[in-house]
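J.: One structure follows; several queries about it will come next.
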Amino acid sequence: MLYYIVILLYYVILYCYKLIRYCYIMLYSIVLLYCCSLAGVLSQLSIHSRHGRECVSPCFSLQQRNSSTSPKIKVDLDNSTGVAVLRMQSPPVNSLSLDFLTEFCINLEKLEMDKSCRGLIITSTLSKVFSAGLDIMEMYGKSPERCGEFWKAVQEMWLKLYGSNMATIAAINGSSPAGGCLMSIGCDYRIMADNPRYSIGLNETQLGIVAPFWFKDTLVNTVGNRAAELSLELGLLYSAPDALKIGLVDQLVPEDQVLSTAQDTMSKWLAVPDHARQITKSMMRKQTIDKLLSNREADITNFVSFITKDSIQRSLRMYLEMLKSRKA
Ligand code: CO8
157 MLYYIVILLY YVILYCYKLI RYCYIMLYSI VLLYCCSLAG VLSQLSIHSR
207 HGRECVSPCF SLQQRNSSTS PKIKVDLDNS TGVAVLRMQS PPVNSLSLDF
257 LTEFCINLEK LEMDKSCRGL IITSTLSKVF SAGLDIMEMY GKSPERCGEF
307 WKAVQEMWLK LYGSNMATIA AINGSSPAGG CLMSIGCDYR IMADNPRYSI
357 GLNETQLGIV APFWFKDTLV NTVGNRAAEL SLELGLLYSA PDALKIGLVD
407 QLVPEDQVLS TAQDTMSKWL AVPDHARQIT KSMMRKQTID KLLSNREADI
457 TNFVSFITKD SIQRSLRMYL EMLKSRKA
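Here the sequence shown is numbered in our numbering, starting from 157 and rising by one per residue.
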């Protein structure tokens, strides 16, 4: 009997010890967690006070203004409005080189993943030029491998922009030929500087090259079949007023109001519930996007074999010479 009482007491003491130890560990973890979160809050507070900002609630991160600067592109995201402004700043003409496109896509991806970002405005810091389109030097005298890599980046830029969940506005404050026009019509809305010297359009045939099917589809979706047909076959560049007439841009405003108008317009777009706008956008654009997605490799192969042809290289050289001689 005594033996059983001793065993019982042993187990009771053992369980009590384990219980006390468990409680101690729990308590210790709670205190540790509390200290860590307090330290985090304090460090955030000190960061904010260093920047001279006021912090009145624990939701201060919503008021934060994120900014990233890289050589060719500058992005400012205002977390209080959920609107990012992407400024292209690659002189002389914001041409879309492989490096530029890579940087553009990385920035777009980052904004897309950022739940606080709902709207994107794309503009240029250069006077007179929004973007001169694809960098012709990327297509002239390059190896087939390099051309393939370049074209994949062009596809990626368009896929990311045309399929973006964000509301996107092109604030076109200068000329925007070819790939610059593609970038603009990849957005949801276009506001252009009211300056007849600025032009926009898919002028590929003027260079002796052919806009691929997804350039064509995006243009058809924007201005309709007939206007797209005329525009593409003749490689037309439209002045700002003419671009408005055919619906290639949605609005003209004085040059110094392009960005502010884009910001005002964005607030109207963001007044629409995101999910409804996004599903509608996808409904309108999915078929066009899927067409490229299911033909991506063939499109790269077509581009490479087309652009490396001697005759096409000659056309590109003549066009480059024409651009240079225009300056002289
Ligand atoms: N790529 C590379 N360099 C360019 C480009 C370009 N797209 N555009 C201009 N440059 C160069 C010029 O040669 C010049 O160089 P440099 O100083 O060494 O002489 C410099 O940039 C400045 O150019 P400008 O003096 O002409 O600058 P302006 O401010 O007077 O004019 C314009 C700006 C209006 C943008 C004018 O430069 C222009 O019209 N550029 C040509 C635009 C063009 O035609 N782009 C088409 C590119 S092709 C494309 O985007 C789609 C291809 C699809 C391929 C499909 C194949 C299957």
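Cβ atoms here follow ideal geometry from the backbone N, Cα and C, with glycine treated the same way.
Does the ligand CO8 have even one heavy atom less than 7 angstroms from the beta-carbon of residue 492?
T.: Since the first residue shown for the chain is 157 and the last is 484, residue 492 is missing from the structure and cannot be characterised.
J.: Any beta-carbon of chain C closer than 8 angstroms to the one on residue 300?
T.: No chain C is part of this structure, which consists of one protein chain only.
J.: Where does residue 354 sit, in a helix, a strand or coil, going by DSSP?
T.: Note: residue 354 maps to coil in three-state DSSP.
J.: Buried or exposed: which applies to residue 228, given that a residue is buried once 16 or more other Cβ atoms fall within 10 Å of its Cβ?
T.: Result: buried.
J.: Using three-state DSSP, classify residue 414 as helix, strand or coil.
T.: Note: residue 414 maps to helix in three-state DSSP.
J.: Kindly give me the distance between the Cβ atoms of residue 317 and residue 267, rounded to whole angstroms, as I take these residues to be in contact under 8 angstroms.
T.: That belief does not hold up - the Cβ atoms of residue 317 and residue 267 are roughly 11 angstroms apart, past 8 angstroms.
J.: Can you check DSSP and say which residues form a bridge with residue 242?
T.: DSSP lists 231, 278 as partners of residue 242.
J.: Exposed or buried, residue 300, counting other C-beta atoms within 10 Å across all chains shown (16 or more means buried)?
T.: Residue 300 comes out exposed.
J.: Given the structure, does residue 248 come close to the ligand CO8, in the sense that its CB is under 7 angstroms from one of the ligand's heavy atoms?
T.: It does: the Cβ of residue 248 is within 7 angstroms (strictly closer) of some heavy atom of the ligand CO8.
J.: Hey, would you say the C-beta of residue 285 is under 7 angstroms away from at least one heavy atom of the ligand CO8?
T.: Result yes, Cβ under 7 angstroms from the ligand CO8.
J.: What is the C-beta distance between residue 289 and residue 333, in whole angstroms, given that I count them as a contact (C-beta under 8 angstroms)?
T.: Their Cβ separation, rounded to whole angstroms, is 5 angstroms, which keeps residue 289 and residue 333 in contact under 8 angstroms.
J.: Should residue 329 be labelled buried (16 or more other beta-carbon atoms within 10 Å of its own) or exposed?
T.: Buried is the call here.
J.: Out of 452, 280, 383, 295, state which residue places its alpha-carbon closest to the alpha-carbon of residue 412.
T.: The residue with the shortest Cα to Cα distance from residue 412 is 280.
J.: Taking residue 485 as part of the alpha helix (DSSP H), name the residues at either end of that continuous run.
T.: No information on residue 485 is available, as it lies outside the stretch 157 to 484 that the chain covers here.
J.: Measure the CB-CB distance between residue 406 and residue 347 and report whether it falls below 8 angstroms.
T.: The answer is yes: Cβ separation under 8 angstroms.
J.: Output the residue ranges of the beta strand (DSSP E) runs that lie fully inside the stretch 308–339 and measure 3 residues or longer, sorted by chain position.
T.: Runs found: 323–328, 330–333.
J.: For a test of the three-state rule: what should DSSP assign to residue 423, helix, strand or coil?
T.: Three-state DSSP puts residue 423 in a helix.
J.: Does the pairing of the stretch 351–361 with the stretch 389–399 give three or more beta-carbon distances under 8 angstroms?
T.: Yes: at least three Cβ pairs fall under 8 angstroms.
J.: By the 10 Å Cβ neighbour count, where 16 or more other Cβ atoms means buried, how is residue 244 classified, buried or exposed?
T.: Burial call: buried.
J.: Please list the segments of the alpha helix (DSSP H) lying wholly inside the stretch 367–402, counting only runs of 4 or more residues, in order along the chain.
T.: DSSP runs (the alpha helix (DSSP H)) wholly in the stretch 367–402: 369–379, 381–390, 396–402.
J.: Consider the C-beta atom of residue 395 and the heavy atoms of the ligand CO8; say whether any pair is separated by less than 7 angstroms.
T.: Answer for residue 395: no, Cβ out of range of the ligand CO8.
J.: Do the stretch 455–472 and the stretch 371–385 make contact, defined as three or more Cβ pairs closer than 8 angstroms?
T.: Cβ pair count under 8 angstroms is below three, so no.
J.: Specify the secondary structure class of residue 288 as computed by DSSP and reduced to three states.
T.: Looking at residue 288 - three-state DSSP - the assignment turns out to be coil, as it is neither helix nor strand.
J.: Taking 7 angstroms as the limit between beta carbons, can you name the residues of its chain near residue 308, skipping five residues before and five after?
T.: Only 456 meet the Cβ criterion.
J.: What are the boundary residues of the alpha helix (DSSP H) that residue 460 is part of?
T.: Residue 460 -> alpha helix (DSSP H) spans 452–463.
J.: Given a cut-off of 8 angstroms on the beta-carbon distance, is the pair residue 434 and residue 359 in contact?
T.: For residue 434 and residue 359, no; Cβs fall outside 8 angstroms.
J.: Less than 7 angstroms separating the Cβ of residue 289 from some heavy atom of the ligand CO8?
T.: Yes, the ligand CO8 has a heavy atom inside 7 angstroms of this Cβ.
J.: Measuring from the CB of residue 508, is there a heavy atom of the ligand CO8 at a distance below 7 angstroms?
T.: Outside the shown range of the chain, which is 157 to 484, sits residue 508, and nothing can be said about it.
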